[in-house]
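Residue numbers are given in our numbering: position 131 of the sequence shown equals residue 132, and the series is strictly consecutive.
Ideal placement from N, C-alpha and C gives every residue a C-beta, glycine not left out.
This structure is a prediction, so every number in the text was calculated from the model and none was measured.
Each remark here refers to the structure printed beneath this line.
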Amino acid sequence: MKYTGKIALLVVCLGALGAGLMLLGARTGLWEPITGFGLYRTYFNPLAMIVTAVGLFAVIVHAMRKEKSGIIAGGIAVLFGVLCLIPMVSGAINPQKRAAPIHDISTDTANPPLFETLDDTRAGAKNTLVYAGPELAQAQAAAYPDIAPLDTDLTVDAAFQHALTVAQDMGWEIVSSDQDRRRFEATARTTVFYFADDVVIVVTPQGDGSRVDMRSVSRVGRSDQGLNAARIRAFQQAFGA
Numbered sequence: 002m003k004y005t006g007k008i009a010l011l012v013v014c015l016g017a018l019g020a021g022l023m024l025l026g027a028r029t030g031l032w033e034p035i036t037g038f039g040l041y042r043t044y045f046n047p048l049a050m051i052v053t054a055v056g057l058f059a060v061i062v063h064a065m066r067k068e069k070s071g072i073i074a075g076g077i078a079v080l081f082g083v084l085c086l087i088p089m090v091s092g093a094i095n096p097q098k099r100a101a102p103i104h105d106i107s108t109d110t111a112n113p114p115l116f117e118t119l120d121d122t123r124a125g126a127k128n129t130l131v132y133a134g135p136e137l138a139q140a141q142a143a144a145y146p147d148i149a150p151l152d153t154d155l156t157v158d159a160a161f162q163h164a165l166t167v168a169q170d171m172g173w174e175i176v177s178s179d180q181d182r183r184r185f186e187a188t189a190r191t192t193v194f195y196f197a198d199d200v201v202i203v204v205t206p207q208g209d210g211s212r213v214d215m216r217s218v219s220r221v222g223r224s225d226q227g228l229n230a231a232r233i234r235a236f237q238q239a240f241g242a
């Protein structure tokens, strides 16, 4: 029993390694993002519970033996496990509104920007780039009524160059760019699981200025959990900053 604290620390190290692989494995090329996400959903909380239980057991054992170092080791394990469980507990106490079951968001739903370079053969894609039509437009309007084209005072050429710069600053991979038609396509990655989402931006004249339209589509998943709408908002905010 005197090694219970050390065992708890070993479990913490293994738990941290496992959690890190679940969250960052796709970024390092170990597996596809959907695999890491599936591992996270299946094993992350049980792993945190095991670490917490082992740590609590170590605290009790070493407290009975009055071994301070063992108590500290067990406490570290408990703290690690509890911190990992915070998202689950928070979600249970304050459930978030269920995201709309859509993954293709456009600032123009009547005439959405079309992908010309990227297509349904892109790596790991389960979702099509063909726009789903009025039904999708209605679902987007209900879920994200604030998503709209970005009107600017810039000329179309200046707006296009600025949009391209903003996209690069946001870390997107520019797949194709057409200066004459003022459009480009890019691939953006989510921060944690490294999911790939595809983006097309088109700049058109409007009055004395220009209009910037953007469409963002997830490669996998029925619902994007609001990430594509958030990406459009972030781009528009950065464009105007």
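Following the continuous alpha helix (DSSP H) through residue i, name the residue where it begins and the one where it ends.
| i | result |
| --- | --- |
| D170 | V157 to D170 |
| E136 | P135 to A144 |
| F194 | Element bounds for F194: n/a, residue is neither H nor E. |
| L10 | T5 to L25 |
| P34 | P34 to M65 |
| M81 | Residue identity differs from the one stated: residue 81 is Phe in this sequence, not Met. Per DSSP, F81 belongs to the alpha helix (DSSP H) from K69 to I94. |
Between residue i and residue j, what straight-line distance do the alpha-carbon atoms span, to the nearest angstrom?
| i | j | result |
| --- | --- | --- |
| V201 | L115 | 7 Å |
| L228 | A168 | 16 Å |
| E33 | L130 | 20 Å |
| L18 | V176 | 34 Å |
| Q97 | R66 | 44 Å |
| F45 | L155 | 48 Å |
| P135 | V79 | 51 Å |
| T110 | N128 | 18 Å |
| A187 | D199 | 6 Å |
| I35 | A197 | 10 Å |
| I61 | K3 | 12 Å |
| A160 | V204 | 7 Å |
| R28 | A235 | 22 Å |
| A133 | M23 | 32 Å |
| A189 | I148 | 18 Å |
| L137 | G172 | 28 Å |
| V50 | R223 | Note that residue 50 corresponds to Met in the displayed sequence, not to Val. The straight-line gap from Cα to Cα measures roughly 29 Å. |
So what does DSSP say about residue i, is it helix, strand or coil?
| i | result |
| --- | --- |
| G208 | coil |
| R220 | coil |
| R234 | helix |
| V131 | coil |
| A126 | coil |
| F185 | strand |
Just curious, the beta strand (DSSP E) that residue i is in, first and last residue?
| i | result |
| --- | --- |
| L151 | L151 to T153 |
| I106 | D105 to S107 |
| V176 | E174 to D179 |
Would you mind sorting residue i into buried or exposed? The rule is 16 or more other CB atoms within 10 Å of its CB.
| i | result |
| --- | --- |
| G56 | buried |
| E174 | exposed |
| G71 | buried |
| P113 | buried |
| D85 | Note that residue 85 is Cys in the sequence shown here, rather than Asp. Result: buried. |
| I87 | exposed |
| L40 | buried |
| R182 | exposed |
| V90 | exposed |
| L10 | buried |
Please check the pair residue i and residue j, which I expect to be a contact at CB under 8 Å, by giving their CB distance rounded to whole angstroms.
| i | j | result |
| --- | --- | --- |
| D152 | R212 | 6 Å |
| P150 | T108 | 5 Å |
| A74 | A64 | In fact, because the Cβ distance is near 12 Å, the residues do not count as touching under 8 Å. |
| G82 | T118 | 46 Å between Cβ atoms; not a contact. |
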